[in-house]
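Per the numbering used here, residue 42 is the first one in the sequence shown, and the count goes up by one each step.
Glycine residues also receive a C-beta, built at the ideal position from the N, C-alpha and C atoms.
Computed from a predicted model, the values in this text were never measured in an experiment.
Worksheet for the structure shown next.
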Amino acid sequence: MQIYLPLVLFFFSFCQAQAATLFIDNPQTLIQLESQGFDIARLVFNEPIPRANNELLLKNPSYAFIAKSLGTEIEDLKKEDPKLFISMKGSHRLFDSQWLISNYASYELVGIVNRMDRLSFHPESCGEIRFIYRLSYKTLAQPSTYSRLPMTINSVFWIPNGSDGCLTPLQKWTEFVALTEKGNISSLSKNSLTLGELKSIEVNMQSVRWPSTIRPDMAGYAEYMLRVFTPKNGKTTLGTLENTPDVKKLLADKKLRQELLTWLTEKKNLKNIDDGIVVIPEKFLATKATSVALHGTHRTHNANFSQLFKAQDFSETELKDYSSFKTSMGLLRRLNDMSCIGCHQGRTVAGFHFLGKDKAATDAVNSIFTSSSPHFLLDQKRRSLFIEAIQKKENLPHSRPLSVRAVSGEGKMGSHCGLGDPSFAAWTCSEGYECQSLTADKVISPTGICVPTSKISGSPCTAARMVHNTNPKKDSLKLSTDSFCGSNSVCEDTSVGFPNGMCAGSCANLKAGETCGSIAILHEFNSCLATGKIPFAKCLSENVRPASMQECDSDKFCRDDYICARTSSGKGSCIPPYFLFQLRVDGHPSPGLGKEKFTFLDRLKKLLPDRF
Numbered sequence: 042m043q044i045y046l047p048l049v050l051f052f053f054s055f056c057q058a059q060a061a062t063l064f065i066d067n068p069q070t071l072i073q074l075e076s077q078g079f080d081i082a083r084l085v086f087n088e089p090i091p092r093a094n095n096e097l098l099l100k101n102p103s104y105a106f107i108a109k110s111l112g113t114e115i116e117d118l119k120k121e122d123p124k125l126f127i128s129m130k131g132s133h134r135l136f137d138s139q140w141l142i143s144n145y146a147s148y149e150l151v152g153i154v155n156r157m158d159r160l161s162f163h164p165e166s167c168g169e170i171r172f173i174y175r176l177s178y179k180t181l182a183q184p185s186t187y188s189r190l191p192m193t194i195n196s197v198f199w200i201p202n203g204s205d206g207c208l209t210p211l212q213k214w215t216e217f218v219a220l221t222e223k224g225n226i227s228s229l230s231k232n233s234l235t236l237g238e239l240k241s242i243e244v245n246m247q248s249v250r251w252p253s254t255i256r257p258d259m260a261g262y263a264e265y266m267l268r269v270f271t272p273k274n275g276k277t278t279l280g281t282l283e284n285t286p287d288v289k290k291l292l293a294d295k296k297l298r299q300e301l302l303t304w305l306t307e308k309k310n311l312k313n314i315d316d317g318i319v320v321i322p323e324k325f326l327a328t329k330a331t332s333v334a335l336h337g338t339h340r341t342h343n344a345n346f347s348q349l350f351k352a353q354d355f356s357e358t359e360l361k362d363y364s365s366f367k368t369s370m371g372l373l374r375r376l377n378d379m380s381c382i383g384c385h386q387g388r389t390v391a392g393f394h395f396l397g398k399d400k401a402a403t404d405a406v407n408s409i410f411t412s413s414s415p416h417f418l419l420d421q422k423r424r425s426l427f428i429e430a431i432q433k434k435e436n437l438p439h440s441r442p443l444s445v446r447a448v449s450g451e452g453k454m455g456s457h458c459g460l461g462d463p464s465f466a467a468w469t470c471s472e473g474y475e476c477q478s479l480t481a482d483k484v485i486s487p488t489g490i491c492v493p494t495s496k497i498s499g500s501p502c503t504a505a506r507m508v509h510n511t512n513p514k515k516d517s518l519k520l521s522t523d524s525f526c527g528s529n530s531v532c533e534d535t536s537v538g539f540p541n542g543m544c545a546g547s548c549a550n551l552k553a554g555e556t557c558g559s560i561a562i563l564h565e566f567n568s569c570l571a572t573g574k575i576p577f578a579k580c581l582s583e584n585v586r587p588a589s590m591q592e593c594d595s596d597k598f599c600r601d602d603y604i605c606a607r608t609s610s611g612k613g614s615c616i617p618p619y620f621l622f623q624l625r626v627d628g629h630p631s632p633g634l635g636k637e638k639f640t641f642l643d644r645l646k647k648l649l650p651d652r653f
């Protein structure tokens, strides 16, 4: 007993010290972990091909099914919109599906995330561990071009329950993190973690982008395909999206729609909705979804429940005693936020919550400074408290806030705030900030954004009113007159890619919260890139002007529809996401599959003749 007790005390003190480290995003660490078997080929697809390129990965039936499914859907988009082209010369730009099967392309491990808090949804487990991969490429021609692309694969593994509950899996995680921080990576393998069966392979891919010249009111337009692939009986199938109703099916089947409404308004389910841990039955759910940006939280298309139900559908349901909603509008807002589409547009980075840090060698003009979205970073405290409760064997704090508003740490630039609805009364702004209705919207989300009372670089300068349409391509904004940015600043316009406008000035006499960045000279930059012969970095470096911008890091966040990018000086500045090469589908080189003009399916048949 004299030996056992100190070991137990050491374990608990060690876990408490490490509880806040719930994700790994150091690029060099992740590269080393891939060499130890955490690459997508060996860990996810059980293929003995270290760091396989996508052509080699096609040998795996599961990946071949995923690539074919996604590629076919992308090709089908052309039938719906004849203006879609891969080239920048097109007004509507399409993801080049041949990256999915190219020997230039592969998937890089960009993050490992502990989601033991997800046991709230599946109490028979200890939650999940997620391995996040980004699609990237490196051309063989000299000079070689490297970039990531706007696609993630989130590989989700169950954490099985043990004889001591979740203590052993948590101990193994904390030891794993400690060893990575010490650089002892050669001693690690997938057995170093408690990994159960593969739960799902979740894909988030930007499929379509229209530049701001086509949608000057919204500063651009983009679509993101959300798909979940699940292993079943040794095969990979298309699975349902969590809490994401199949709007088309439910609108066509009034009986099924009424059944869902009845289910949602049962007291036990309302309590789980209030806590944010409801699990809607699969028969109501979609297998395919697309989220749209920009102004994502105000778009009808991203609000599945608001398409199905109206406020009066809940008129006989007592709501005032719940925490996360007090009104029918608040309840719909909560439900929309819990869907995959709503979550992927709630305080995200261009539709993503985790993009990963860029390698040190990545050119500054194409480099992300902060790996994750404001929602992800602000939610770490809640997740840490959950882990602490597991350690102490206390009652677990299952309740979770909306993705757009954390329990604590909110109220500054970019925080969502209430504009009168009792459901959002607690969403206030910090001292020195005020709540503004940047995108006026009484239909989907009647909320505002916290902005500084005294304008700085990065402040919004163009308010607007959302004009809703059931077709997201036809949503529009009625812009107001640009507001004054100050004597030494100008309002960068939505027509050149700045959602809600952005105040910017010279780099002389920077104020607190500002840093010196650069803004592309749009016409010259696009003309350079459209030639297809000049590297992106060169086009950008030769067609930019210095400007004061909002400074950002993992504690100072950008507002919606902006990303914290790395400046040439090594600091972070807030810019629109599509100013980064890696977050747009257009302007990239050829996937290197030859000069023949094969379609995606023709190329796939050529690579996999035995399966067609």
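### Query
D627 to E429, Cα distance in whole Å?
For the purposes of this step, residue 627 is identified with residue 586 of the sequence shown, where counting begins at 1. For the purposes of this step, residue 429 is identified with residue 388 of the sequence shown, where counting begins at 1. Cα to Cα, the separation comes out at about 45 Å.
### Query
What three-state label does DSSP hand Y619 in the structure shown?
Taking the first residue of the sequence shown as position 1, residue 619 is located at position 578. Helix.
### Query
Where does P487 land, buried or exposed, given buried means 16+ other C-beta within 10 angstroms?
In the sequence shown, residue 487 corresponds to position 446, counting from 1. Label assigned to P487: buried.
### Query
Is there contact between the region 458-469 and the region 354-372, where contact requires at least three CB pairs shorter than 8 Å?
yes
### Message
Here's the rule I'm using: 16 or more other beta-carbon atoms within 10 Å means buried, otherwise exposed. How should M42 be labelled?
### Response
Start at 1 with the first residue of the sequence shown, and residue 42 comes out as number 1. Here the model assigns M42 a pLDDT of 33, short of 50, so the residue's position is not dependable, and the following value carries that caveat. Flag for M42 reads exposed.
### 8 Å contact criterion, which H439 and D316 should meet: CB distance rounded
For the purposes of this step, residue 439 is taken as the residue at position 398 of the sequence shown. For the purposes of this step, residue 316 is taken as the residue at position 275 of the sequence shown. At roughly 6 Å, the Cβ-Cβ gap stays under 8 Å, so H439 and D316 are in contact.
### Query
Any idea which residues DSSP pairs V244 with across the strands?
Against the sequence shown, residue 244 aligns to sequence position 203. DSSP output for V244 lists I194 and R268 as bridge partner(s).
### Message
Tell me the rounded alpha-carbon separation between Q432 and T62.
### Response
Here residue 432 is taken as the residue at index 391 of the sequence shown, counted from 1. Here residue 62 is taken as the residue at index 21 of the sequence shown, counted from 1. Cα to Cα, the separation comes out at about 14 Å.
#### Entry: Limits of the beta strand (DSSP E) - the one that M157 falls within
The count along the sequence shown starts at 1 and reaches residue 157 at position 116. Counting along the chain, M157 falls outside any beta strand (DSSP E), and DSSP gives it neither H nor E.
### Query
With distances taken between CB atoms, is the gap from N284 to I321 smaller than 7 Å?
Position 243 of the sequence shown, counted from the start, is the residue given in the question as residue 284. Position 280 of the sequence shown, counted from the start, is the residue given in the question as residue 321. Closer than 7 Å, so yes.
### Query
Hey, out of L349, A263, K240 and K308, whose CA is closest to L292's CA?
Walking along the sequence shown from the start, residue 292 turns up at place 251. Considering only alpha carbons, the answer is L349.
### Query
Do T654 and K213 have their C-beta atoms closer together than 7 Å?
This structure gives no information on residue 654, because the portion of the chain shown stretches from 42 to 653.
### Task
With a threshold of 16 other CB atoms inside 10 Å of the CB of F525, please say whether the residue is buried or exposed.
The residue you call residue 525 lines up with position 484 of the sequence shown. F525 is exposed by the Cβ-count criterion.
### Query
Who are the Cβ neighbours of A504 in its own chain at under 6 Å, not counting the five residues just before and after it?
Walking along the sequence shown from the start, residue 504 turns up at place 463. Closer than 6 Å at the Cβ level, and outside the excluded window around A504, lie L479 and S521.
### Query
Roughly how far, in whole angstroms, is the beta-carbon of R156 from the beta-carbon of I170, given that I think they are within contact range, below 8 Å?
Sequence index remark: in the sequence shown, residue 156 carries index 115 (1-based). Sequence index remark: in the sequence shown, residue 170 carries index 129 (1-based). About 7 Å; that satisfies the 8 Å criterion.
### Task
Just tell me which of E149, T209, A391 and E323 has its CA closest to the CA of Y187.
Against the sequence shown, residue 187 aligns to sequence position 146. Comparing Cα-Cα distances from Y187 to each of E149, T209, A391 and E323, the minimum goes to E149.
### Residue closest to S412, alpha-carbon to alpha-carbon, out of L426, F395 and S425
For the purposes of this step, residue 412 is identified with residue 371 of the sequence shown, where counting begins at 1. Among L426, F395 and S425, the Cα nearest to that of S412 belongs to F395.
### Task
Assign R374 to buried or exposed, taking buried as 16 or more other Cβ atoms, counted over all protein chains shown, within 10 Å of its Cβ.
Taking the first residue of the sequence shown as 1, we reach residue 374 at position 333. When all chains shown are included, R374 counts as buried.
### Task
Please work out which residues of its chain come closer than 8 Å, Cβ to Cβ, to S143, disregarding the five sequence neighbours upstream and downstream, and give them in chain order.
Taking the sequence shown and counting its residues from 1, the one referred to as residue 143 is at position 102. Closer than 8 Å at the Cβ level, and outside the excluded window around S143, lie N94, N95, E96, Y178, P632, G633 and L634.
### Query
Along the chain, which unbroken stretches of the beta strand (DSSP E) at least 3 residues long are found entirely within the region 265-335?
276-279 and 330-334
### Task
Within the same chain, show all residues whose beta-carbon is closer than 8 Å to that of V531, passing over the 5 residues directly before and after it, in chain order.
Within the sequence shown, numbered from 1, the residue matching residue 531 stands at position 490. The answer, listed in chain order, is C544, A545 and G546.
#### Entry: E555 to S498 span [Cα, whole Å]
Stepping through the sequence shown from its first residue, residue 555 is reached at position 514. Stepping through the sequence shown from its first residue, residue 498 is reached at position 457. Roughly 6 Å between the two C-alpha positions.
### Task
Pick out the complete alpha helix (DSSP H) segments inside the region 358-383, 4 residues or longer, and give them in chain order.
369-379
### Message
With distance defined between alpha-carbon atoms, name the residue in S425, S196 and L229 nearest to S76.
### Response
On the sequence shown, position 35 is the one that residue 76 refers to. Here the closest residue by C-alpha is L229.
#### Entry: G489 versus L301 - alpha carbon distance
For the purposes of this step, residue 489 is taken as the residue at position 448 of the sequence shown. For the purposes of this step, residue 301 is taken as the residue at position 260 of the sequence shown. Straight-line Cα distance between these residues: approximately 30 Å.
### Task
Decide yes or no for the touch test of the region 128-140 against the region 197-204: beta carbon pairs closer than 8 Å, at least 3 of them.
no
### Task
Give every residue of the same chain whose Cβ lies closer than 7 Å to the Cβ of V390, excluding the five residues on either side of it in the sequence, and list them in chain order.
As a position in the sequence shown, residue 390 is number 349, starting the count at 1. Correct list, in chain order: L396, S414, I604 and P618.
### Message
Residues in the same chain with beta-carbon distance under 6 Å from L160, minus the five sequence neighbours each way, listed in chain order, please.
### Response
Stepping through the sequence shown from its first residue, residue 160 is reached at position 119. Here the set comprises S166, C167 and G168.
### Task
Identify the continuous alpha helix (DSSP H) that holds V218 and give its terminal residues.
The residue given as residue 218 occupies position 177 in the sequence shown. L208 to K223 is the extent of the alpha helix (DSSP H) around V218.
### Spatial neighbours of L220 in its chain, beta-carbon cut-off 8 Å, leaving aside the 5 residues before and after
Taking the sequence shown and counting its residues from 1, the one referred to as residue 220 is at position 179. So the list reads I226, S228, L229 and S233, once near-sequence residues are dropped.
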